[in-house]
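Undergrad: Residues 1186 to 1712 (our numbering) are what the sequence shown spells out, left to right.
Even for Gly, the Cβ is constructed at its ideal location relative to N, Cα and C.
Predicted, not measured: the structure shown is a model, and the values here were computed from it.
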Amino acid sequence: GQGWPVVLLVFDGFGISAPSRGNAVTLSYMPNFNQFLRQYPALTLQASGEVVGLPWGEMGNSEVGHMNIGGGKVVYQSLPFINKTISDGSFYANAAFLEALNHVKQNNSTLHLLGLVSDGGIHSSQNHLYALLELCQKQQIQRVAIHAFLDGRDTPHNAALHYIQQLQQRLQGLSFAKIASLAGRFWGMDRDNHWERIEASYNAITQGVAKFTASAAVQAIETSYQRSVFDEELEPTVIVGADGKPVATVQDNDAVIFFNFRSDRARQMTKAFVLPTFTKFNRAHYFHNLPFVTMMEYERNLPVKIAFVPDHIANPISKVISAAGMLQLHIAETEKYAHVTFFLNGGLEEPFPGEERVMIPSPRVSSYAEVPEMSSSGVRDAVIQGMQSGKYHFIVANFANADMVGHTGNLEAAKRAMECLDRCLGEIVAAVLQCDATLVITADHGNVEEMYNLQTGEIDKEHSTNPVPFLIIGKRWAEVKPLWPLIPLNDLSQMQPMGVLSDVAPTILRLLGLPLPADMSARSLIQ
1186 GQGWPVVLLV FDGFGISAPS RGNAVTLSYM PNFNQFLRQY PALTLQASGE
1236 VVGLPWGEMG NSEVGHMNIG GGKVVYQSLP FINKTISDGS FYANAAFLEA
1286 LNHVKQNNST LHLLGLVSDG GIHSSQNHLY ALLELCQKQQ IQRVAIHAFL
1336 DGRDTPHNAA LHYIQQLQQR LQGLSFAKIA SLAGRFWGMD RDNHWERIEA
1386 SYNAITQGVA KFTASAAVQA IETSYQRSVF DEELEPTVIV GADGKPVATV
1436 QDNDAVIFFN FRSDRARQMT KAFVLPTFTK FNRAHYFHNL PFVTMMEYER
1486 NLPVKIAFVP DHIANPISKV ISAAGMLQLH IAETEKYAHV TFFLNGGLEE
1536 PFPGEERVMI PSPRVSSYAE VPEMSSSGVR DAVIQGMQSG KYHFIVANFA
1586 NADMVGHTGN LEAAKRAMEC LDRCLGEIVA AVLQCDATLV ITADHGNVEE
1636 MYNLQTGEID KEHSTNPVPF LIIGKRWAEV KPLWPLIPLN DLSQMQPMGV
1686 LSDVAPTILR LLGLPLPADM SARSLIQ
């Protein structure tokens, strides 16, 4: 009783947008959901882009969504995290960068900038390279060599020409910096233990030894294109000066900054540089007194300096509830079990004391369009049993089917998924009212409300940038409904979003009567 337990339902992939021929939410018969919108407080929350720590305009995803829901603060992902330091200026005061720069000043040596030059945004951002060049200019560094890896996977196959031309234009005003080598990511960023590829790229960077040389980077790329070898596969190429000698090779006492932020394709090259004992190929030379800076942590215990350590969630909601001595139950089917445990708990595997977990097996079928209900009834039963047991203060459950069926692109199946969800919701609400519990409904991101791209008419299987619903249901919440914003025509898409995903955790702690930890910077949606 007294509003406990507090039950949080995450309808995975359930976004809010205007009615359309591709909106499985508004096309479906959902009498319970629509009645609860009229009866109980409801809003929408933003679930994509910068407000959840993603790059501007990027669609939400389940991992980020659950981390925000459980973290109670915006968790910045690598790219926006580093972008933010550039805009607030802290990038230019970064200790790891300044240490490397001071080292080359003291040794009158060369700084090598290594990384993927593109705006693909998956492994790196060329804007981070530009910011590093700006930092070098401010610090009056005399010699900077750029070793560019070319993309062609997270970008069009022949976009490198454009990126390298852009880079050359930037370098015209910076006499201290030159492009010293090129290699497609197939070579320099291998992640599958093809060490012979790393070796070829490493030798070009460190020794100036390669099958191809060129007097200019743009010309090297154009020549490769003529051989029908495009960005990703471009063979390691050394840029040479008028004297035919490499523009720059790596020497003892130099310094290196590897500006890729994603670890998986940066690890192997980094190890070739920094591991004292290395057996994957014969290095011509193991460098001494060579500070090596990586943008983020690529692997535990590498002898490198790490420029950016991402924000972590010290106090996820599960930890706060556990520390208060309350019992909690986390429920999901297999497909979303990691989300309602590991990701909701801020990236921690181990359950907190008093945290129990239930995993309902997902159906074994080739496509979830065949059984759009998935294992919803099992999740529903576990929620109701958890409530009726009277053991738990907090129950959280993820319903996977709106998202997983949304990913099939099958609109009819998606409608069946929504109608199943609505039935489950009706049964859960009946139990909530009977137990005098409190129910909070939200989602981690959109998907099922946008089954067609309305511009092109093509089937849309992806997530969306739409906001998600937020409802509070319980005996005493019908009375406060008049105090909440009016929903025009009972259509949530007509409302401006009034919060963000990270506001969910403080709201639930508020409902449980628990104080917010100091670092939980989001705000409760109930005052």
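Out of curiosity, what's the CA-to-CA distance linking residue 1363 and residue 1331?
TA: On the sequence shown, residue 1363 is found 178 positions in, with the first residue counted as 1. On the sequence shown, residue 1331 is found 146 positions in, with the first residue counted as 1. The straight-line gap from Cα to Cα measures roughly 6 Å.
Undergrad: For residue 1287, which of helix, strand or coil comes out of DSSP?
TA: Taking the first residue of the sequence shown as position 1, residue 1287 is located at position 102. Note: residue 1287 maps to helix in three-state DSSP.
Undergrad: Throw me the rounded Cβ distance for the residue 1449 and residue 1376 pair, which I believe falls under 8 Å.
TA: Start at 1 with the first residue of the sequence shown, and residue 1449 comes out as number 264. Start at 1 with the first residue of the sequence shown, and residue 1376 comes out as number 191. Going by Cβ atoms, the distance from residue 1449 to residue 1376 rounds to 5 Å, so yes, they are a contact pair.
Undergrad: Tell me whether residue 1356 sits in a helix, a strand or coil according to DSSP, three-state version.
TA: To locate residue 1356, count along the sequence shown from 1; it is residue 171. Correct three-state label for residue 1356: helix.
Undergrad: Drop a sphere of 10 angstroms on the beta-carbon of residue 1223, count the other beta-carbons inside from all chains shown, and report buried for 16 or more, exposed for fewer.
TA: Locating residue 1223 in the sequence shown gives position 38, where the first residue counts as 1. The residue in question, residue 1223, is exposed, as its Cβ has fewer than 16 Cβ neighbours within 10 Å.
Undergrad: Ignoring anything shorter than 4 residues, give me the alpha helix (DSSP H) runs that lie fully in the segment 1618 to 1666, in order along the chain.
TA: The qualifying runs are 1662 to 1665.
Undergrad: Check the Cβ-Cβ distances between residue 1629 and every residue of chain D, and say whether any is below 7 Å.
TA: The structure shown contains no chain D, having only a single protein chain.
Undergrad: Can you list, in chain order, the stretches of the alpha helix (DSSP H) that have 4 or more residues and sit fully within the segment 1303 to 1364?
TA: Whole alpha helix (DSSP H) segments, 4+ residues: 1311 to 1323 and 1345 to 1357.
Undergrad: Report the partner residues of residue 1431 according to the DSSP bridge assignment.
TA: The count along the sequence shown starts at 1 and reaches residue 1431 at position 246. Residue 1431 is bridged to 1425.
Undergrad: Which residue comes first and which comes last in the beta strand (DSSP E) that contains residue 1300?
TA: Here residue 1300 refers to the residue found at position 115 of the sequence shown. 1296 to 1301 is the extent of the beta strand (DSSP E) around residue 1300.
Undergrad: Going by alpha carbons, who is nearest to residue 1269 out of 1289, 1670, 1296 and 1313?
TA: Taking the first residue of the sequence shown as position 1, residue 1269 is located at position 84. Here the closest residue by C-alpha is 1313.
Undergrad: Please determine if the segment 1653 to 1671 and the segment 1223 to 1233 are in contact, where contact requires at least 3 C-beta pairs separated by less than 8 Å.
TA: Cβ pair count under 8 Å is three or more, so yes.
Undergrad: Return yes when the Cβ of residue 1456 is within less than 7 Å of the Cβ of residue 1420, no when it is not.
TA: As a position in the sequence shown, residue 1420 is number 235, starting the count at 1. As a position in the sequence shown, residue 1456 is number 271, starting the count at 1. Result no, Cβ atoms of residue 1420 and residue 1456 do not sit closer than 7 Å.
Undergrad: How many angstroms separate the CA atom of residue 1212 from the CA atom of residue 1674?
TA: Locating residue 1212 in the sequence shown gives position 27, where the first residue counts as 1. Locating residue 1674 in the sequence shown gives position 489, where the first residue counts as 1. Each residue's Cα considered, the two are about 16 Å apart.
Undergrad: Any idea if residue 1230 is buried or exposed, counting beta-carbon neighbours within 10 angstroms, 16 or more meaning buried?
TA: Here residue 1230 corresponds to residue number 45 of the sequence shown, with the count starting at 1. When all chains shown are included, residue 1230 counts as buried.
Undergrad: What is the residue span of the alpha helix (DSSP H) that residue 1454 lies within?
TA: Residue numbering aside, residue 1454 sits at position 269 when the sequence shown is read from its first letter. Start and end: 1452 to 1459.
Undergrad: Given residue 1583, which residues of its chain have a CB within under 7 Å of its CB, disregarding the five upstream and five downstream residues?
TA: For the purposes of this step, residue 1583 is taken as the residue at position 398 of the sequence shown. Contacts found: 1195, 1197, 1517, 1521, 1524 and 1525.
Undergrad: Please classify residue 1373: is it buried, with 16 or more other beta-carbons within 10 angstroms of its beta-carbon, or exposed?
TA: Here residue 1373 corresponds to residue number 188 of the sequence shown, with the count starting at 1. Counting Cβ neighbours within 10 Å, residue 1373 comes out buried, since at least 16 surround it.
Undergrad: Shortest alpha-carbon distance to residue 1343 belongs to which of 1190, 1250, 1528 and 1403?
TA: For this step, residue 1343 is matched to residue 158 along the sequence shown. If we check each option's Cα against that of residue 1343, 1403 comes out closest.
Undergrad: State buried or exposed for residue 1485, treating a residue as buried only when at least 16 other CB atoms are found within 10 Å of its CB.
TA: The sequence position of residue 1485 within the sequence shown is 300, counting from 1. Burial call: exposed.
Undergrad: Where residue 1669 and residue 1708 are concerned, what is the direct C-alpha to C-alpha distance, given to the nearest angstrom?
TA: One-based indexing of the sequence shown puts residue 1669 at position 484. One-based indexing of the sequence shown puts residue 1708 at position 523. Rounded to whole angstroms, residue 1669 to residue 1708 spans 16 Å at the Cα level.
Undergrad: Of all the options 1191, 1681 and 1267, which has the alpha carbon lying nearest to the alpha carbon of residue 1444?
TA: For this step, residue 1444 is matched to residue 259 along the sequence shown. Selected option, being the one with the closest Cα: 1267.
Undergrad: Go to residue 1266, then tell me how far its alpha helix (DSSP H) extends in each direction, as first and last residue.
TA: Here residue 1266 corresponds to residue number 81 of the sequence shown, with the count starting at 1. Start and end: 1263 to 1273.
Undergrad: Where does residue 1251 fall in DSSP's three states?
TA: Residue 1251 sits at position 66 when you count from the first residue of the sequence shown. In this structure, residue 1251 counts as helix in the three-state DSSP scheme.
Undergrad: Leaving out five residues on either side along the sequence, give the residues of the same chain with a beta carbon under 8 Å from the beta carbon of residue 1182.
TA: Past the boundaries of the shown model lies residue 1182; the chain is included only from 1186 to 1712, so the question cannot be answered.
Undergrad: Would you grab the beta carbon distance between residue 1244 and residue 1647 for me? Rounded to a whole angstrom, and I think it's under 8 Å.
TA: Taking the first residue of the sequence shown as 1, we reach residue 1244 at position 59. Taking the first residue of the sequence shown as 1, we reach residue 1647 at position 462. That belief holds up - the Cβ atoms of residue 1244 and residue 1647 are roughly 7 Å apart, short of 8 Å.
Undergrad: From residue 1625 to residue 1679, what does the alpha carbon distance come to, in whole angstroms?
TA: Stepping through the sequence shown from its first residue, residue 1625 is reached at position 440. Stepping through the sequence shown from its first residue, residue 1679 is reached at position 494. For residue 1625 and residue 1679, the distance between alpha carbons rounds to 21 Å.
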